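One structure is given below, encoded as structure tokens.
Numbering (the numbering used here), first residue to last: 2 to 159.
Next comes the structure, spelled out in structure tokens:
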């Protein structure tokens with residue numbers, strides 16, 4: 002995804018051109034990964050709709066809850082105390098480490114705990130849903146090239 006062709010001023014500064022090249026490469030990778038993620042997430046939602054998932058109890062949430070809420074509740078009711086999928090706990094641990102390392106997504110570390118509607122079996126789905134909602138609603142922060150200065154990252158955080 003080359004965005005520099007829309008910025009004619011980029012040719013006046015070599016470091017701006019270098020940055021734009023790195024940024025374009027990063028955005029291309031992001032676009033590819035988001036496309037794959039959207040297909041996987043859409044497949045999950047379509048598949049979950051095929052199952053008669055129970056509504057959440059009223060003391061947990063008003064209404065019947067979203068398909069994701071009902072899926073998380075189903076996992077808690079049917080798979081909570083049982084051994085989980087191989088490497089699930091390790092994957093959840095690695096997800097936490099990735100979140101801790103990212104200044105924009107570290108806020109989700111507080112979600113890695115037991116909730117009244119979710120236990121460990123549905124926790125990964127709960128966290129991915131939170132991050133996905135930021136992307137879907139346009140409030141996610143787009144990544145920057147790793148070597149782009151801390152001052153610029155502070156501006157983006159504010």
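Where a beta carbon is used, it is the ideal one built from N, C-alpha and C, also for glycine. In this text, all values refer to a predicted model and were calculated from it rather than measured experimentally.
Given that a residue counts as buried once 16 or more other Cβ atoms are within 10 Å of its Cβ, and exposed if not, what is residue i?
{"i": "residue 142", "result": "exposed"}
{"i": "residue 70", "result": "buried"}
{"i": "residue 86", "result": "exposed"}
{"i": "residue 124", "result": "buried"}
{"i": "residue 137", "result": "exposed"}
{"i": "residue 57", "result": "buried"}
{"i": "residue 109", "result": "buried"}
{"i": "residue 164", "result": "This structure cannot settle anything about residue 164, because the visible part of the chain is limited to 2 through 159."}
{"i": "residue 34", "result": "exposed"}
{"i": "residue 29", "result": "exposed"}
{"i": "residue 122", "result": "buried"}
Return the Cβ separation of residue i and residue j in integer angstroms, given the expectation that the two are a contact with Cβ distance under 8 Å.
{"i": "residue 72", "j": "residue 126", "result": "6 Å"}
{"i": "residue 55", "j": "residue 80", "result": "Not quite, the Cβ-Cβ distance comes to about 14 Å (not below 8 Å), so this is no contact."}
{"i": "residue 96", "j": "residue 128", "result": "7 Å"}
{"i": "residue 83", "j": "residue 118", "result": "At roughly 18 Å, the Cβ-Cβ gap does not stay under 8 Å, so residue 83 and residue 118 are not in contact."}
{"i": "residue 49", "j": "residue 37", "result": "With 8 Å as the limit, residue 49 and residue 37 do not qualify as a contact, their Cβ atoms being about 19 Å apart."}
How far does the alpha helix (DSSP H) with residue i in it extend, from its first residue to its last?
{"i": "residue 79", "result": "68-80"}
{"i": "residue 122", "result": "121-137"}
{"i": "residue 103", "result": "No alpha helix (DSSP H) contains residue 103, which DSSP labels as neither H nor E."}
For this session: Count the CB pairs spanning the segment 15-28 and the segment 36-46 that are closer than 8 Å, and state whether there are at least three.
Result: no
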